[in-house]
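So the structure is just underneath, and the comments pick up after that.
Here it is as structure tokens:
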């Protein structure tokens with residue numbers, strides 16, 4: 025199903041969405057932020073620090089989702105539930121970054137959980153498909 029590849033591409037793009045705010049905050053600080061961005065992390069405003077953390081967490085979640093989406097694609101999973109799971113991951117991870125940046129921990133955690141369940145769902149359907 026092509027939806028798995030589209031969702032994989034969308035998830036890859038979403039890795040960099042929070043970083044747009046980090047780049048904006050760095051530009052406002054000035055040119056010294058370009059030469060030593062890690063050393064000057066504490067100078068970033070709180071929203072940009074949270075955006076950095078959202079960016080890093082999205083990298084971590086992407087690795088698991090990439091494996092799950094590719095498993096589903098390769099094994100030929102053809103399930104409406106699996107398709108919904110792939111789309112749910114992308115939506116949940118987008119909202120995860122927004123809630124992280126806005127500092128809404130409960131909703132951020134909920135989106136993390138939905139994304140994790142979506143990846144697990146794809147892996148489950150892939151294993152079922154491969155063993156049948």
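In our numbering, the protein residues as written are 25 to 156.
Backbone N, C-alpha and C define an ideal beta-carbon position, used for all residues, glycine too.
None of these values were measured; they are calculated from a predicted model.
The stretch 102-114 makes contact with the stretch 129-148, as at least three CB pairs between them are under 8 Å.
Ranked by Cα distance from residue 71, the options 156, 124, 87, 112 are led by 124. When only Cα atoms are considered, residue 135 and residue 119 end up about 7 Å apart. Secondary structure in the stretch 77-124: no alpha helix (DSSP H) run of 4 residues or longer lies completely within the stretch.
Rounded to whole angstroms, the separation of the alpha carbons of residue 99 and residue 66 is 46 Å.
For residue 69, the three-state secondary structure derived from DSSP is coil. Residue 28 has its alpha-carbon roughly 7 Å from the corresponding atom of residue 94. In terms of Cβ geometry, residue 149 and residue 115 do not form a close pair [threshold 7 Å].
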